[in-house]
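Asks: Structure below; questions to follow.
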Amino acid sequence: MNPSPLVQPYPNRRTVLCAAVAAGATLPLLSACVTGGKDDTPAAAAGAKSAANPLGVKEDAALEVVIFKGGYGDDYAKKAEGLYTQKYPKATVDHKGIQKVGEALQPRFVANTPPDVVDNTGAGRLDLATLVGAKQLSNLTDLLEAPSFDDPAVKVKDTLLPGVVEDGTFDGAPLVLNFTYTAWGIWYSKPLFASKGWTYPKTWDEMLALCATIKAAGIAPWTYQGKYPEYINDPLLSMAAKTGGTDLLKAVDNLQPNAWKSDAFKAAAEAFAELAGKGYIMAGSEALSHTESQAAWCQGKAAFIPCGSWLEAEQKDVAPKGFDMVMGAVPPRTGSDKLGAAAVQAASSESFIVPAKAKNAAGGMEYLRILFSKQSARSFAESAGTLPAVAGATDGLTLSSGLGSTRDAVTAAGKDAFTFRFRTWYAPLAKAVDDATGELVNKRATPAEWADRIQKAADALAKDSSVKKYTR
Amino acid sequence: MKHGRLRFLTGALAPALVLHVVFVLSPYGQAFYLSLTDWTGVAGEAHFVGAGNYARLGGDSLFLDAVRNNAVMLVCVPLVTIALGLFLASMLHLGGRSGRSGIRGAGAYQIVYFFPQLLSLVVVAVLWQFVYNPTNGLLNGALRAIGLGGLARSWLGDPQLALPAVMAVLVWSSVGFYMVLFSAAIDGIPKELFEAALLDGAGGWATFRKVTLPLVRDTVQVAFVYLGIAALDGFAVVQVMTVGPGGPDGATEVIGLSLYRNAFTYGKFGYASAMGVALFFATLTLAVLALRSGRKERLELA
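Line order of the protein sequences matches chains A and B. The working numbering puts the first residue of the first sequence at 5, with every later residue one more than the last. The working numbering puts the first residue of the second sequence at 621, with every later residue one more than the last.
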């Protein structure tokens, strides 16, 4: 090549061709990555099964535990690891408490060298439906059928709160086990309501009446975490689910035609359109983040805020002393609801998984058997201030106001605790619902438009052959 | 002698070239291949699906929103930034009374305007989120303080205003840098030319249009390419600052955000790669067009 006296700032044919040749030359290098695609499953470590070792753990096999170190910390997990090494002194446990679980583990799943047990939680978690679709998760049936750590006469699956096994079941196979139990409702400060003589409404009509009173008192009746419209979705979807019952839940999650256009959804959408239309939502809420809106609520600028049961722990440093927040179930809108008035949306979260290609899958499951014992669940409830998915784990504990109200709400709901599955199964549909609800409560979409656009998204998803479908 | 030199040059260049191929070109190559597959991002295998991912892009309403928003940003952000940058730079140089020197304190202004460039874009986005806060943000607070409370808006919550609000942040964060860049270019113009213009009786605007602008044209062109690429991105600001993010209802969706969501939230790395490849060609086309448009009329100095 002749050296050119002119510096050419734009690519010409020659440089483009050079780049193309160079790109071509690199292709063989790619075989080390996805494009190689060799499926070399290592032989999993296994020992003999016995009454004391029902999962057949190889007692000297190393165990690698990856925990999401978020609001709950990771001390509870370390405690359970301590119990594990007590039982298997020859095993070395490698503990990793991290924040960005997905970023750290994605390459390891691709390389077929995942850890033995993972707490796949937090904003950077891996999409569960994707992991399931890629057959990356172990079937946990052996664990659920095994005798529980505390009482050999009771199986692990019978120690869990209602819905926990179902929450982790995909196509009939239990693949995920969730450690915490979350309920969603509408929160308020008990002392504030007592001082003003307000009582938590039992019906939606009472709610609207109370909102008028609250507004007249110079406080905004509602605020919500406007930056993330899914927060205001929960009470809306809860109201619809209470009216429509299990049939509605199934219709929505199974992507049935016109599921979102049912009367129950229409009524719930109208209820929230009315809430917004009457000016009962604090002005500006639509642009506030969760921290900003929740702080405004704690400062007494708004009376109600919708949230899940993590709210109390999240507001620990923000809520003034004696704020004593409590959660109430979403009041029913009709007198003929299919679920009881106390029904709450409740689901387990903090997803623990045992990767299918883990070297010590039996050890991973044994670790979960220990973690889900009453002893570790109880110490988790004490330190994290959140309900664990283990039944009776908080019995006899003195609970804070918010956690107590959550437990009472879950107890009162009993079998009427319900949950939607589409959020986990079909993340794009969840996004469509969030966007539509954001428009609805900002008066830019009518209830009919709200139902139309969500139904359109659900129909498109149902037709999309590239998306794996689930049924409940 | 010549032979040895070639060997030395090869030896010096090879390591860098190898690193470039492994860490820059090979990921590009992989993205092109992955865009033709259904890779989920968590499995060691991917199935070939041909052009299916690209066909899908056309029917993805959120992606089309993103393309529209990026197109708007591509028009507005470079134009406004360059206009402001040129204005500030020429004021600093020629805004003084005599028309021959800069305004007083030009050096201080230059430093102050450059400040936003020192902040990471994420910090900028977080700060502006506070500024735009509808209840106690700086912007609405200032409007109310000067009696213009009627103009207070929910800047990021209103679909009409959200994208302009985002673009304003992009302009604010980059204008200082381009002002410094244009200042340097104006410094390179021989002083005699300005003096001649002054003697011929040219005013400030005429001097700017007939002398300054033609002589900094190359720099403006490069600035346009950089700003165009930044406008086709916009991911960080949108992700941190906006409702949704990307909202309300897709009003601030950008291609980078769609790509990110599909890859890391939905586990559709193949589809996200297709978006990335599309964005790559859009950026490449922009750069080629912008740099070709002005290459024939290059002015020679002296």
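Cβ atoms here follow ideal geometry from the backbone N, Cα and C, with glycine treated the same way. The structure displayed is predicted, hence computed values, not measured ones.
Find the nearest neighbour of T827 (chain B) within the set B:K811, B:T660, B:M693, B:N760, judged by alpha-carbon distance.
Replies: Per the Cα distances, B:K811.
Asks: Rounded to the nearest angstrom, what separates A56 (chain A) and K91 (chain A) at their Cα positions?
Replies: Approximately 10 Å, taken between the alpha carbons.
Asks: Nearest-angstrom Cα distance between H623 (chain B) and A632 (chain B)?
Replies: Distance between the alpha carbons of H623 (chain B) and A632 (chain B): 14 Å.
Asks: Which first and last residues belong to the beta strand (DSSP E) in which S353 (chain A) is found?
Replies: Residues 349 to 357.
Asks: For the beta strand (DSSP E) that contains K100 (chain A), what are its first and last residues?
Replies: Its beta strand (DSSP E) spans residues 97 to 102.
Asks: Could you tell me whether any Cβ in chain B is nearer than 8 Å to the Cβ of L130 (chain A)?
Replies: L130 (chain A) counts as touching chain B.
Asks: With DSSP run on the structure shown, which of helix, strand or coil describes M286 (chain A)?
Replies: Residue state, collapsed to three classes: coil.
Asks: Does the Cβ-Cβ distance between K467 (chain A) and V330 (chain A) come in under 8 Å?
Replies: No, the Cβ-Cβ distance between K467 (chain A) and V330 (chain A) is not below 8 Å.
Asks: Give me, in chain order, the residues of the same chain whose beta-carbon lies closer than 6 Å to that of C215 (chain A); leave out the 5 immediate sequence neighbours on both sides.
Replies: Once the five neighbours on either side are set aside, the close Cβ partners of C215 (chain A) are P225, Y284.
Asks: Give a yes or no on whether the C-beta atoms belonging to I88 (chain A) and I374 (chain A) are separated by under 8 Å.
Replies: Correcting the residue identity first, residue 88 (chain A) is Tyr in this sequence and not Ile. Cβ atoms of Y88 (chain A) and I374 (chain A): closer than 8 Å.
Asks: So, at 6 Å on beta carbons, what are the nonlocal neighbours of P261 (chain A) in its own chain, with the 5 sequence-adjacent residues on each side left out?
Replies: Hits under 6 Å: none found.
Asks: Can you give the Cα-Cα distance for L1 (chain A) and T163 (chain A), rounded to whole angstroms?
Replies: Within the shown structure, residues of chain A are numbered from 5 to 476, placing residue 1 (chain A) beyond reach of any answer.
Asks: Closer than 9 Å by beta-carbon distance: list the chain B residues that pair up with F113 (chain A), in chain order.
Replies: The answer, in chain order, is G661, V662, A663, G664.
Asks: Looking at the unbroken beta strand (DSSP E) that takes in Y185 (chain A), where does it start and where does it end?
Replies: Unbroken beta strand (DSSP E) run through Y185 (chain A): 181 to 193.
Asks: Counting only beta-carbon separations shorter than 8 Å, does N143 (chain A) have a partner in chain B?
Replies: Chain B, which has no Cβ nearer than 8 Å to the Cβ of N143 (chain A), makes this no.
Asks: S293 (chain A) and K206 (chain A): beta carbons closer than 8 Å?
Replies: No; because the gap between Cβ atoms is not below 8 Å, this pair is not in contact.
Asks: Of the choices A:F376, A:M211, A:K325, whose alpha-carbon is the least far from that of P336 (chain A)?
Replies: Closest option to P336 (chain A), Cα to Cα, is A:M211.
Asks: Straight-line CA distance for L911 (chain B) to F900 (chain B)?
Replies: If you take the alpha carbons of L911 (chain B) and F900 (chain B), they lie about 17 Å apart.
Asks: For D257 (chain A), which residues in chain B fall below 9 Å Cβ to Cβ?
Replies: Here the premise fails: no neighbours, minimum Cβ distance about 18 Å.
Asks: Please report the residue range of the alpha helix (DSSP H) in which A280 (chain A) lies.
Replies: Where A280 (chain A) is concerned, the enclosing alpha helix (DSSP H) stretches over 267 to 281.
Asks: Compute every distance between the C-beta of P779 (chain B) and the non-hydrogen atoms of the ligand ZN, then say whether any falls below 7 Å.
Replies: With respect to small molecules bound, the structure shown includes none, and the ligand ZN cannot be examined in it.
Asks: Can you tell me whether G890 (chain B) is helix, strand or coil according to DSSP?
Replies: Residue state, collapsed to three classes: helix.
Asks: Is K231 (chain A) close to chain B? Criterion is C-beta to C-beta, closer than 8 Å.
Replies: For K231 (chain A), the answer is yes, since a Cβ of chain B falls inside 8 Å of its Cβ.
Asks: How would you write the range of the beta strand (DSSP E) that A323 (chain A) sits in, first residue to last?
Replies: Element bounds for A323 (chain A): n/a, residue is neither H nor E.
Asks: Using three-state DSSP, classify D456 (chain A) as helix, strand or coil.
Replies: Helix at D456 (chain A).
Asks: Reducing DSSP to helix, strand and coil, say where F668 (chain B) ends up.
Replies: F668 (chain B) falls in the strand class under three-state DSSP.
Asks: What residues from chain A crowd round G867 (chain B), counting only those whose CB sits closer than 8 Å?
Replies: Neighbours of G867 (chain B) on chain A, chain order: P233, D439, G442.
Asks: Please list the residues of the stretch 90 to 118 of chain A that have a C-beta atom closer than 8 Å to any C-beta atom in chain B, keeping them in chain order.
Replies: Going along the stretch 90 to 118 of chain A in chain order, one finds G106, Q110, F113, V114, A115, N116 with a Cβ nearer than 8 Å to chain B.
Asks: In chain order, what residues of the same chain have a beta carbon less than 7 Å from the beta carbon of D341 (chain A), not counting five sequence neighbours either side?
Replies: Contacts found: K246, T247.
Asks: I need the boundaries of the beta strand (DSSP E) containing I309 (chain A), first residue and last residue.
Replies: Residues 306 to 312.
Asks: Identify every run of the alpha helix (DSSP H) within the stretch 801 to 852 of chain B, keeping only runs that are complete inside it and at least 4 residues long; order them along the chain.
Replies: If we require 4 residues or more, the alpha helix (DSSP H) runs fully inside the stretch 801 to 852 of chain B come out as 811 to 819, 824 to 827.
Asks: Which runs of the beta strand (DSSP E) spanning at least 3 residues fall entirely within the stretch 113 to 190 of chain A, listed in chain order?
Replies: 121 to 124, all fully within the stretch 113 to 190 of chain A.
Asks: Who are the neighbours of T125 (chain A) on chain B, taking C-beta pairs under 9 Å?
Replies: By Cβ distance, chain B contributes nothing, its closest Cβ being about 14 Å from T125 (chain A), past 9 Å.
Asks: In this structure, how does DSSP classify V789 (chain B) when only helix, strand and coil are distinguished?
Replies: Helix.
Asks: With a threshold of 7 Å on Cβ separation, who are the neighbours of K82 (chain A) within its own chain once the five nearest residues in sequence on each side are excluded?
Replies: Within the same chain, K82 (chain A) has close Cβ partners H99.
Asks: For P432 (chain A), go through chain B and note every residue whose CB falls closer than 8 Å to its CB, in chain order.
Replies: Those are Y886, listed as they occur along chain B.
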